[in-house]
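Chains as they are written, first to last, in the numbering used here: chain W, 1 to 343; chain H, 344 to 686; chain A, 687 to 1029. The beta-carbon is built from N, C-alpha and C at its ideal position, and this holds for glycine as well. The model shown is predicted, which means the values in this text are computed figures rather than measured ones. Notes follow once the structure below has been shown.
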Amino acid sequence: MSSATDFVVASRGPTLQQPRSLRVDEIGHRLGGQREGQAGIEVSGAAPIEQAGPGEIAFLAPANAALLQKSRAACVLVPRTLPDAGGRTVIRVDDPRLAFGRVLGWLALRPAPQPGIHPTAVVHPTASLGERVAIGPYCIVGARARIDADSVLYAHVTVYDGVRIGRRCLLHAGAVIGADGFGFARAGDRYEKIPQVGTVEVGDDVEIGANSTIDRGTLTATRVGSGTKIDNLVHVAHNCVIGDHCVISAQTGVAGSTRVGDWAVIGGQVGIGDHVNIDARSVIGSAAAIPTGKHIHAGEPVWGVPARPLRQYLRRLACLGRVERLHRDIQELRQRYREPAAH
Amino acid sequence: MSSATDFVVASRGPTLQQPRSLRVDEIGHRLGGQREGQAGIEVSGAAPIEQAGPGEIAFLAPANAALLQKSRAACVLVPRTLPDAGGRTVIRVDDPRLAFGRVLGWLALRPAPQPGIHPTAVVHPTASLGERVAIGPYCIVGARARIDADSVLYAHVTVYDGVRIGRRCLLHAGAVIGADGFGFARAGDRYEKIPQVGTVEVGDDVEIGANSTIDRGTLTATRVGSGTKIDNLVHVAHNCVIGDHCVISAQTGVAGSTRVGDWAVIGGQVGIGDHVNIDARSVIGSAAAIPTGKHIHAGEPVWGVPARPLRQYLRRLACLGRVERLHRDIQELRQRYREPAAH
Amino acid sequence: MSSATDFVVASRGPTLQQPRSLRVDEIGHRLGGQREGQAGIEVSGAAPIEQAGPGEIAFLAPANAALLQKSRAACVLVPRTLPDAGGRTVIRVDDPRLAFGRVLGWLALRPAPQPGIHPTAVVHPTASLGERVAIGPYCIVGARARIDADSVLYAHVTVYDGVRIGRRCLLHAGAVIGADGFGFARAGDRYEKIPQVGTVEVGDDVEIGANSTIDRGTLTATRVGSGTKIDNLVHVAHNCVIGDHCVISAQTGVAGSTRVGDWAVIGGQVGIGDHVNIDARSVIGSAAAIPTGKHIHAGEPVWGVPARPLRQYLRRLACLGRVERLHRDIQELRQRYREPAAH
Chain W
1 MSSATDFVVA SRGPTLQQPR SLRVDEIGHR LGGQREGQAG IEVSGAAPIE
51 QAGPGEIAFL APANAALLQK SRAACVLVPR TLPDAGGRTV IRVDDPRLAF
101 GRVLGWLALR PAPQPGIHPT AVVHPTASLG ERVAIGPYCI VGARARIDAD
151 SVLYAHVTVY DGVRIGRRCL LHAGAVIGAD GFGFARAGDR YEKIPQVGTV
201 EVGDDVEIGA NSTIDRGTLT ATRVGSGTKI DNLVHVAHNC VIGDHCVISA
251 QTGVAGSTRV GDWAVIGGQV GIGDHVNIDA RSVIGSAAAI PTGKHIHAGE
301 PVWGVPARPL RQYLRRLACL GRVERLHRDI QELRQRYREP AAH
Chain H
344 MSSATDFVVA SRGPTLQQPR SLRVDEIGHR LGGQREGQAG IEVSGAAPIE
394 QAGPGEIAFL APANAALLQK SRAACVLVPR TLPDAGGRTV IRVDDPRLAF
444 GRVLGWLALR PAPQPGIHPT AVVHPTASLG ERVAIGPYCI VGARARIDAD
494 SVLYAHVTVY DGVRIGRRCL LHAGAVIGAD GFGFARAGDR YEKIPQVGTV
544 EVGDDVEIGA NSTIDRGTLT ATRVGSGTKI DNLVHVAHNC VIGDHCVISA
594 QTGVAGSTRV GDWAVIGGQV GIGDHVNIDA RSVIGSAAAI PTGKHIHAGE
644 PVWGVPARPL RQYLRRLACL GRVERLHRDI QELRQRYREP AAH
Chain A
687 MSSATDFVVA SRGPTLQQPR SLRVDEIGHR LGGQREGQAG IEVSGAAPIE
737 QAGPGEIAFL APANAALLQK SRAACVLVPR TLPDAGGRTV IRVDDPRLAF
787 GRVLGWLALR PAPQPGIHPT AVVHPTASLG ERVAIGPYCI VGARARIDAD
837 SVLYAHVTVY DGVRIGRRCL LHAGAVIGAD GFGFARAGDR YEKIPQVGTV
887 EVGDDVEIGA NSTIDRGTLT ATRVGSGTKI DNLVHVAHNC VIGDHCVISA
937 QTGVAGSTRV GDWAVIGGQV GIGDHVNIDA RSVIGSAAAI PTGKHIHAGE
987 PVWGVPARPL RQYLRRLACL GRVERLHRDI QELRQRYREP AAH
């Protein structure tokens, strides 16, 4: 635990990680890729394939193969299956986008948060911080909270008392972890608060977006499993158990005591009611709404308000488009029925 | 007004409220309940009935009466109407969940915010703070704002100039009270801001969730009535008047100049247009959307996009499921009409 | 760049801008309006026309012309086309609401943020701040970020490294500009983060509401054009390009790489998928959902889930109301078909 003045978001100190440059052969070697073309070109930047110029690396999405020939990039990461690179300097890899992400990290194009506790962070003396954590300006770590090694809290993150954050987590500005769950009981002419004495447990390698809120459990822990990625302005209510390696997009809300299985993929602005059970590997389309107590099965994505299996959703949408037509058909049948049939 | 260093969220001082233990007879006495079984057992914890063990109290939801016999809890709060407690140590009360909430408070299982102004809070010299308020780290209380007695602002709460917060309110981290309402007028080739010179008035016993925003009125006050509970990431726009004892769940938005009557219950992710009028005691289902200018009547919950009375909503949903069938029926009728009838 | 202690949101200093009073003839002169009635009345306040009293100015919305005679306002701003002011003191202007907004500003009814950097703001030494910026308490301006002249950051605003904010912008409390876009690639048994090395570029005269989040681009800049107004709790994802003079209401989310043309008007809680293309001057109704990759054309507002041109949306809504009726009609036709026709 050290006091640092060079936290990148807003340090007062001068040290910033500097961008690096890498040779194409070095990149190919690190990626375990198959290089074609010039080995010695230096790469120090990255850009979309349409915009990349000299000194810059890009990647080729399989759907856009035609862009390769027009690109002025110094080097392009391409699928191993690409038939012909047409003389361009390329590196063949299994997954060009994934490989590109790794190169972005190596080039250090953007300064990374440095380990240390910003002097303005307010960390309770009973809190526990792991090795190399980076706690940004105006972060708050409450009593008995614990943040494990190599995690980064950007600015203005509030970690309430007793919350646990695993290793290598990344919490963006304004995230609030461990505020009270929303629980009240009617007591005659008013509501009375049910104290929320549980906590929040966040696993390893979790990312939580800006201004998202994860409420503490009433009695036990609200859980977010390892490897799960949560976007901005997401709400996770008390007592939820989110599995490992889930993806939850922006502005989605998960109501109380809902369980989300591992590897679920949830779109943006989804509303999930309380006590819902979502199977592992389920896929939920953006803007879907899942009523209280439902069970979502994996196998087919669900979509719509209320959510239904995708094919059913699409069929209904199509039918809906035909309702006007149905109406005309019925008028016509009635008419015919009154007139003598023409056979 | 005192400067405190032991605010629980992130104090620098060592004092934390300690959990207590209570005897079963003492709990029964305080609740005005009817005890059966052992009077002298000490209770120092609480858990869901399935998980509670020795030393822990739980409550029995009426729907789960069978769980009582399997529970290992030291004491269970049960409905007065439970026929037979089967020899377990129980306390009979009118509302077990409500009673359980009170016991949670008495046990002090989680340290409560202590009155005082955290040294990092920025309170304008013209602001007024009542007795025993707890203002957490990095809270901001603007010019001429007023926060009444016994209210708690957790961390990073922003109270803009002129805003009034009543007694015993609880504002969670990141709540923003009194930012400008969203008002503009088109002025030729640009929008011009309509200054928002009104304010926000929050009654007593109001809870406002993490990262929720309540905008100030244009000329008058946006109002939130006493006893109202607002969840996380809720937006209340300028000039709204929210009644007393309302419940507004997470991520709901209320557009400008809307009036919500007392005791309304509003689900999560509801969208309420501007100039809507919601009767007292209305119930609005999660994910409903209420168009501009509508009047919502109490008596039957409303549901859906756009919102309709629940029975109508369910009937339409059922009909929708039959649209495909309708289509086939019409094809069949047409076919039959062309062929000679079989009678 | 100066250190200021009198930032209005929560200054420790005593200086606040004082309200002014203006004579009716002076107001008429400044507005270029046509005064009728008493020139010398002093105006020092403003209120809705129903509530305005002596010393207060109000404006008359064209739909509410009857309110003029009942108003006790010292002066009313009315449309130039109003036939008869009935002896009231009025000022005739082209757009009474716009004019009223200007008068509100002149009266200085609410203290405005004063230029200066609040001593608690954390501004990185490599950041660049223009003349007369007002940076409120606990704001954070990251490495190499740039905030141009006359912009105001209220409290707790986080501007990440490298972000650019134009002139005369207004960022409300808790806004987060430049957090990482939400980009991951599957790498076997986990997701791997795609570093987000782009930035955010915000034009001039942009307003961004409380707790809204604008993510940085993956490689290039997420852009918000000049004159655009963004409400509270809005999410703009990485790589979006929002045009000039757009209006985006509260809790709307715009997914990655979407383009919004100039002068688009977008309601509240709208969900816009990724790679959507929205024409200039499009109008999108509140609570609409626009699927990935769609092209929204201007000319007719779109509405609904999924969004459709307004007339089509309304027609379908009406048809939906008739589905029950269709069902009964078909039963009746079937019945008749089995019985001998009555002709």
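query                                                                                                                                   : result
Cβ shell of Val549(H) (< 6 angstroms), same chain only, five flanking positions each side left out                                      : Cys512, Val567, Thr571
8 angstroms Cβ shell around Leu233(W) - same chain, five flanking residues per side excluded                                            : Gly209, Ala210, Asn211, Ser212, Ala250, Gln251
Which of helix, strand or coil DSSP assigns to Phe182(W)                                                                                : coil
Cβ-Cβ distance between Ala675(A) and Ser968(A) below 7 angstroms                                                                        : Outside the displayed range of chain A (687 to 1029) lies residue 675(A), so it cannot be described from this structure.
Whole-angstrom distance between Ala127(W) and Gly116(W), CA atom to CA atom                                                             : 15 angstroms
Classification of Leu657(H) by the beta-carbon crowding that lies within 10 angstroms, buried from 16 upward                            : exposed
Within 7 angstroms, strictly: CB atoms of Ile952(A) and Ile970(A)                                                                       : yes
Cβ of Pro769(A) within 7 angstroms of any chain W Cβ                                                                                    : no
Contacts of Gln594(H) in chain A (Cβ-Cβ under 9 angstroms)                                                                              : Leu919, Gln937, Gln955
Option in Asp622(H), Gly642(H), Ala623(H), Trp646(H) with minimal Cα separation from Ile633(H)                                          : Trp646(H)
Cutoff 7 angstroms: Ser346(W) Cβ touching any chain A Cβ                                                                                : Nothing can be reported for residue 346(W): it is not among the residues displayed for chain W, which extend from 1 to 343.
Alpha-carbon to alpha-carbon, Pro96(W) and Arg679(H)                                                                                    : 59 angstroms
DSSP three-state assignment for Leu472(H), whether helix, strand or coil                                                                : strand
Gly162(W) versus Leu452(H) - alpha carbon distance                                                                                      : 11 angstroms
Interface flag, Gln211(W) vs chain A, CB-CB below 7 angstroms                                                                           : The amino acid occupying residue 211(W) in the given sequence is Asn; Gln does not appear at that position. Judged by the 7 angstroms Cβ criterion, Asn211(W) is in contact with chain A.
Local conformation of Gly105(W) per DSSP, three classes                                                                                 : helix
Cβ neighbours of Arg132(W) in the same chain (closer than 8 angstroms, five flanking residues each side left out)                       : Pro115, Ala149, Asp150
Beta-carbon gap between Asp231(W) and Phe868(A) smaller than 7 angstroms                                                                : yes
Reduced DSSP secondary structure (H/G/I, E/B, other) of Ile970(A)                                                                       : strand
Residue closest to Val962(A), alpha-carbon to alpha-carbon, out of Gly979(A), Gly884(A), Ala907(A)                                      : Gly979(A)
Cα-Cα separation between Cys319(W) and Val666(H), rounded to whole angstroms                                                            : 6 angstroms
Contact set between Arg658(H) and chain A, taken where Cβ atoms lie within less than 8 angstroms                                        : Glu1010
Residue-chain proximity (Arg876(A), chain W), Cβ-Cβ < 7 angstroms                                                                       : yes
Leu410(H) - containing beta strand (DSSP E), residue span                                                                               : Looking at the DSSP string, Leu410(H) is not in any beta strand (DSSP E); the run it does join, the alpha helix (DSSP H), is 410 to 413.
Beta-carbon proximity of Asp890(A) to Ala923(A), cut-off 7 angstroms                                                                    : no
Straight-line gap, Pro454(H) to Ala280(W) (C-alpha atoms, nearest Å)                                                                    : 36 angstroms
Residues near Ala65(W) in its chain [Cβ-Cβ closer than 8 angstroms; skip 5 each side]                                                   : Leu82
Any C-beta of chain A under 7 angstroms from that of Tyr138(W)                                                                          : yes
Contact set between the region 150 to 169 of chain W and chain A, restricted to residues whose Cβ is under 9 angstroms from the partner : Tyr154, Ala155, His156
Cβ of Gly860(A) within 7 angstroms of any chain W Cβ                                                                                    : yes
Ile400(H) - containing beta strand (DSSP E), residue span                                                                               : 399 to 402
C-alpha gap between Arg186(W) and Asp437(H), whole angstroms                                                                            : 12 angstroms
Closest Cα partner of Gly398(H) within the set Tyr481(H), Gly430(H), Arg363(H), Gly604(H)                                               : Arg363(H)
For Ile330(W), the three-state DSSP class (helix, strand or coil)                                                                       : helix
Residue range of the beta strand (DSSP E) that includes Val276(W)                                                                       : From DSSP, Val276(W) is part of no beta strand (DSSP E); its letter is neither H nor E.
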